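In our numbering, the protein residues as written are 1 to 117.
Don't be surprised by glycine CBs; every beta carbon is placed ideally from N, CA and C.
Given the structure is predicted, the values throughout are model-derived calculations rather than measurements.
Below you'll find the structure, written out as structure tokens, and then a few comments.
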């Protein structure tokens, strides 16, 4: 049976969003203001079951990501790693790529547990 395509949205949760996640999103928005369509935290940090060594997993959707913009996202994570010793990893997609990923187990998990920043 073919799944019906529905518009899906990552919730903007009322849970406590880690300060580092907010800093990361702010840095990306500052550098890529016109490109950012969505930034979300997912994984153990979004679920609230992280331990001290857990990394921060982010979804970053940019309107049309270039290599330079992908490097900007990576640099934001590297800067926070240097400052805080916390690893930030990001999946960077265009809106079209994100639409396709939403049909996969990874996308389902992000939609279920992700927190829009």
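- Simplified DSSP state of residue 17, which is helix, strand or coil: Residue numbering aside, residue 17 sits at position 17 when the chain shown is read from its first letter. Residue 17 falls in the coil class under three-state DSSP.
- Item | Cβ-Cβ distance between residue 72 and residue 32 below 8 Å | Residue mapping note: residue 72 aligns to position 72 of the chain shown, counting from 1. Residue mapping note: residue 32 aligns to position 32 of the chain shown, counting from 1. Yes, Cβ-Cβ distance for residue 72 and residue 32 is below 8 Å.
- Enclosing beta strand (DSSP E) for residue 90 [first to last residue]: On the chain shown, residue 90 is found 90 positions in, with the first residue counted as 1. First-last of the beta strand (DSSP E) with residue 90: 88-93.
- Task: Output the distance between the C-alpha atoms of residue 114 and residue 56, rounded to the nearest integer angstrom.
- Result: The residue labelled residue 114 in the question sits at position 114 within the chain shown. The residue labelled residue 56 in the question sits at position 56 within the chain shown. Spanning the two alpha carbons is a distance of roughly 12 Å.
- Message: In this structure, how does DSSP classify residue 80 when only helix, strand and coil are distinguished?
- Response: Position 80 of the chain shown, counted from the first residue, corresponds to residue 80. It is helical.
- Spatial neighbours of residue 60 in its chain, beta-carbon cut-off 6 Å, leaving aside the 5 residues before and after: In the chain shown, the residue the question calls residue 60 occupies position 60. Excluding positions up to five away in sequence, the list reads 39, 73, 90, 92.
- Inside the region 35-86 only - beta strand (DSSP E) runs reaching at least 3 residues: Runs found: 36-42, 56-62.
- Message: Between which residues of its own chain and residue 104 is the CB-CB distance below 8 Å, once the five residues before and five after are set aside?
- Response: Residue mapping note: residue 104 aligns to position 104 of the chain shown, counting from 1. Excluding residues within five positions, none has a Cβ falling inside 8 Å.
- Query: Taking the Cβ atom as the reference point for each residue, do residue 42 and residue 88 lie within a distance shorter than 8 Å?
  - Reply: By 1-based counting over the chain shown, the position of residue 42 is 42. By 1-based counting over the chain shown, the position of residue 88 is 88. In this structure, the beta-carbon distance from residue 42 to residue 88 does not fall below 8 Å.
- Query: In whole angstroms, what is the alpha-carbon distance linking residue 68 and residue 35?
  - Reply: As a first step, residue 68 must be located in the chain shown, where it is residue number 68. As a first step, residue 35 must be located in the chain shown, where it is residue number 35. Looking at the two C-alpha atoms, the distance is approximately 12 Å.
- Note down, in chain order, each residue of its chain lying with its Cβ closer than 7 Å to the Cβ of residue 70, except the 5 sequence neighbours on either side. By one-based count along the chain shown, residue 70 stands at place 70. Excluding positions up to five away in sequence, the list reads 92.
- When you compare only the Cα positions, how much space is there between residue 17 and residue 112? Residue 17 sits at position 17 when you count from the first residue of the chain shown. Residue 112 sits at position 112 when you count from the first residue of the chain shown. Residue 17 and residue 112: Cα-Cα distance of roughly 16 Å.
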